[in-house]
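A.B. asks:
2 protein chains.
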Amino acid sequence: MTHSSSPAPDASQDGPLPRQTRSYSIGELAKMFEVTTRTIRFYEQEGLLAPERRGQTRIYNEKDRVRLKLTLRGKRLGFSLAEIREVVMMYDAMPDGNRRQLRRLLEILADKRGNLERQQEDIRLMQLEIDDVERRARDVLASLGDQPD
Amino acid sequence: MTHSSSPAPDASQDGPLPRQTRSYSIGELAKMFEVTTRTIRFYEQEGLLAPERRGQTRIYNEKDRVRLKLTLRGKRLGFSLAEIREVVMMYDAMPDGNRRQLRRLLEILADKRGNLERQQEDIRLMQLEIDDVERRARDVLASLGDQPD
DNA sequence: GCCGAGGTTTACGTTAACGTAAAGTGCTTG
DNA sequence: CAAGCACTTTACGTTAACGTAAACCTCGGC
């Protein structure tokens, strides 16, 4: 499965290299995640991304890519960019954070966690609803006999 | 718990009654679900609710209440009112729906189901992320010794 | 040297989902 | 009967999250 067709040009050592940290253009990321470049620039403007610049051009590294991925995941779950930023920024400010900040971060995390749990419950309930609706729909469909339409 | 203070004026039979189908005012529902009346009227305007009228005043029955509940649940999961209406309206149009409509409903349901499953996965992943961030935060916190701040 | 593909900034436009304010109706309560 | 409360309609305002358009740079290839 994970066996690529490349002839392993230089198999000297595949161990924990200094992480060649690939870089991406804005267009690449846009295609990769099926969003527009406008969206990516907007996220930057909202403080969710901070790519380097080569001249005027944005250069995204692996970490930026992950951040974008997490942001989009948050969006799919219905979080606002502000909520997402809250966590992302705290996370980045962590290493040199003081106690107050760290405790605040833990609070926020607990909050999000609660949020996610309620969402899980909501999903469960909605799945049951859908099951029910589908069952009824199939019943009605069956009761229509096999001719009409 | 469910023991009201009313002296049970007529306890002739508590079995499956013809469902006394309680009714609600817009204000009651608003408090019940912690939304504004504006929101409820807006949902009606968007075709998600259709309460009776006593004169000019809206009268909501049990079914309306459930619909509101489902709508708000959908919102918590990040669905748009349009998406929610899609299902709700189809559901109501079901009994006299023709085959094409029913099949369309089944399609929509399958779609929603897929959506929910992806959300479940997103939640799982995000929970892992949060676990990770929390772990790190606690580590940093511990490494700060027990004095500063 | 020019041209197209991709990048950039600036700025106005749009949509969803309500908020908010104004002005009116209807009941019941002191 | 006036006051107050809960309801109503109408209509303009607001916010988030982008879309869209214009006008510009820059670089590799023919």
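Residue numbers (our numbering), protein chains in the order written: chain W, 9 to 157; chain R, 9 to 157. All C-beta atoms, glycine included, are put in the ideal place defined by N, C-alpha and C. All values reported here derive from a predicted model rather than from experimental measurement.
#1: If the criterion is Cβ atoms closer than 8 Å, does the pair L37(R) and L76(R) meet it?
#2: Looking only at C-alpha atoms, which of V74(W), N106(W) and L85(W) sits nearest to V148(R)?
#3: Rounding to the nearest angstrom, what Cα-Cα distance links R30(R) and D139(R) in this structure?
#4: Pick from R62(W), L136(W) and G82(W): whose alpha carbon is nearest that of L124(W)?
#5: Is there a C-beta anywhere in chain R that falls below 8 Å from the one on A145(W)?
#6: Can you tell me whether DSSP reads E94(W) as helix, strand or coil?
#7: Could you give the DSSP three-state label for N69(W): helix, strand or coil?
#8: Taking Cβ-Cβ distances shorter than 8 Å, what residues in chain R pair up with A84(W)?
#9: Near E60(R), which residues of its chain fall below 6 Å by C-beta distance, leaving aside the five closest residues on each side in sequence?
#10: Using the beta-carbon of each residue, which ones in chain R are nearer than 9 Å to M102(W)?
#11: What three-state label does DSSP hand R30(W) in the structure shown?
#12: From the DSSP output, in three-state form, read off E42(W) for me.
#13: Starting from I138(W), find everything on chain R with Cβ-Cβ shorter than 7 Å and list it in chain order.
#14: Please go through the same chain and pick out, in chain order, the residues whose beta-carbon is closer than 8 Å to the beta-carbon of F41(R), but skip the five residues on each side of it.
#15: State the start and end residues of the unbroken beta strand (DSSP E) segment that holds E60(R).
#16: At 7 Å on the CB atoms, spell out the chain W contacts of L110(R), in chain order.
#17: Helix, strand or coil: how does DSSP classify E137(R) here?
#18: Using the beta-carbon of each residue, which ones in chain R are nearer than 7 Å to Y32(W)?
#19: Is there a Cβ from chain R that is less than 8 Å from the Cβ of Y51(W)?
#20: Determine the chain W residues that contact Q135(R) at a beta-carbon separation under 8 Å, and present them in chain order.
#21: Once DSSP output is grouped into helix, strand and coil, what is the label at G35(R)?
#22: Checking contacts by CB at 8 Å: is G35(W) closer than that to chain R?
#23: Who are the near neighbours of M98(W) in its chain, counting only those whose CB is closer than 6 Å to its CB and skipping five residues on each side?
#24: Tell whether a beta-carbon distance below 8 Å holds between T45(R) and G35(R).
#25: Using DSSP with H/G/I as helix, E/B as strand and the rest coil, what is L152(W)?
#26: Take K71(R) as the anchor and find which of M134(R), R121(R) and D100(R) has the nearest alpha-carbon.
#27: Got a sec: which bits of the stretch 49-78 of chain R sit with their beta carbon under 8 Å from any beta carbon on chain W, in order along the chain?
#28: What does the alpha-carbon distance come out to for the pair M102(R) and V74(R)?
#29: Taking buried to mean at least 16 other C-beta atoms within 10 Å of its own C-beta, is L136(W) buried or exposed?
#30: With distance defined between alpha-carbon atoms, name the residue in K120(W), E94(W) and V141(W) nearest to L57(W).
C.D. replies: The short version:
#1: Reading the second sequence from its first residue, position 29 is the one you call residue 37(R). Reading the second sequence from its first residue, position 68 is the one you call residue 76(R). Cβ atoms of L37(R) and L76(R): closer than 8 Å.
#2: Within the second sequence, the letter at position 140 stands for residue 148(R). The shortest Cα separation from V148(R) among V74(W), N106(W) and L85(W) belongs to N106(W).
#3: On the second sequence, position 22 is the one that residue 30(R) refers to. On the second sequence, position 131 is the one that residue 139(R) refers to. Computed Cα separation, rounded: 45 Å.
#4: Here residue 124(W) refers to the residue found at position 116 when the first sequence is read from its first residue. Of R62(W), L136(W) and G82(W), the residue nearest in Cα terms is G82(W).
#5: For the purposes of this step, residue 145(W) is identified with residue 137 of the first sequence, where counting begins at 1. For A145(W), the nearest beta carbon of chain R is closer than 8 Å to its own beta carbon.
#6: Here residue 94(W) refers to the residue found at position 86 when the first sequence is read from its first residue. Helix, per DSSP.
#7: One-based indexing of the first sequence puts residue 69(W) at position 61. Secondary structure at N69(W): strand, using DSSP grouped into helix, strand and coil.
#8: By 1-based counting over the first sequence, the position of residue 84(W) is 76. For clarity, residue 84(W) is Arg in the given sequence; the question names Ala instead. Residues of chain R with a Cβ closer than 8 Å to the Cβ of R84(W) are, in chain order, G86, R126, Q127 and D130.
#9: Here residue 60(R) refers to the residue found at position 52 when the second sequence is read from its first residue. Only residues of its own chain outside the window of five on either side were considered, and among them I67 have a CB closer than 6 Å to the CB of E60(R), listed in chain order.
#10: Start at 1 with the first residue of the first sequence, and residue 102(W) comes out as number 94. Around M102(W), the beta-carbon contacts reaching into chain R at under 9 Å are V141, R144, A145 and V148.
#11: Counted from its first residue, the first sequence places residue 30(W) at position 22. Note: R30(W) maps to coil in three-state DSSP.
#12: Against the first sequence, residue 42(W) aligns to sequence position 34. Residue state, collapsed to three classes: coil.
#13: Indexing the first sequence from 1 puts residue 138(W) at position 130. In chain order: L117, K120 and R121.
#14: Your numbering for residue 41(R) matches position 33 in the second sequence. Only residues of its own chain outside the window of five on either side were considered, and among them L76, K77 and L80 have a CB closer than 8 Å to the CB of F41(R), listed in chain order.
#15: As a working mapping, residue 60(R) is identified with position 52 in the second sequence. Element bounds for E60(R): E60 to R62.
#16: Against the second sequence, residue 110(R) aligns to sequence position 102. Residues of chain W passing the Cβ test: A145, V148 and L149.
#17: Position 129 of the second sequence, counted from the start, is the residue given in the question as residue 137(R). Three-state DSSP puts E137(R) in a helix.
#18: The residue you call residue 32(W) lines up with position 24 of the first sequence. Annotation: Y32(W) has no Cβ neighbours in chain R at a cutoff of 7 Å; minimum Cβ distance is about 21 Å.
#19: Numbered from 1 along the first sequence, position 43 holds the residue referred to as residue 51(W). False, the Cβ-Cβ gap to chain R never drops below 8 Å.
#20: In the second sequence, counting from the first residue as 1, residue 135(R) sits at position 127. Neighbours of Q135(R) on chain W, chain order: R121 and L124.
#21: As a first step, residue 35(R) must be located in the second sequence, where it is residue number 27. Reduced to three states, the DSSP call for G35(R) is helix.
#22: On the first sequence, residue 35(W) is found 27 positions in, with the first residue counted as 1. No, its Cβ sits nowhere closer than 8 Å to a Cβ of chain R.
#23: Here residue 98(W) is taken as the residue at index 90 of the first sequence, counted from 1. If we look at M98(W) and ignore the five residues flanking it on each side, its Cβ neighbours are L113.
#24: Numbered from its first residue, the second sequence carries residue 45(R) at position 37. Numbered from its first residue, the second sequence carries residue 35(R) at position 27. Contact: yes.
#25: Taking the first residue of the first sequence as position 1, residue 152(W) is located at position 144. Three-state DSSP puts L152(W) in coil, outside helix and strand.
#26: As a working note, residue 71(R) is residue 63 in the second sequence. Comparing Cα positions, the closest option is D100(R).
#27: Among the residues of the stretch 49-78 of chain R, those with a Cβ less than 8 Å away from any Cβ of chain W are L78, in the order of the chain.
#28: Position 94 of the second sequence, counted from the start, is the residue given in the question as residue 102(R). Position 66 of the second sequence, counted from the start, is the residue given in the question as residue 74(R). So the alpha carbons of these two residues sit roughly 17 Å apart.
#29: The count along the first sequence starts at 1 and reaches residue 136(W) at position 128. Around the beta carbon of L136(W), fewer than 16 other beta carbons sit within 10 angstroms, so the residue counts as exposed.
#30: Within the first sequence, numbered from 1, the residue matching residue 57(W) stands at position 49. Cα-wise, what sits closest to L57(W) is E94(W).
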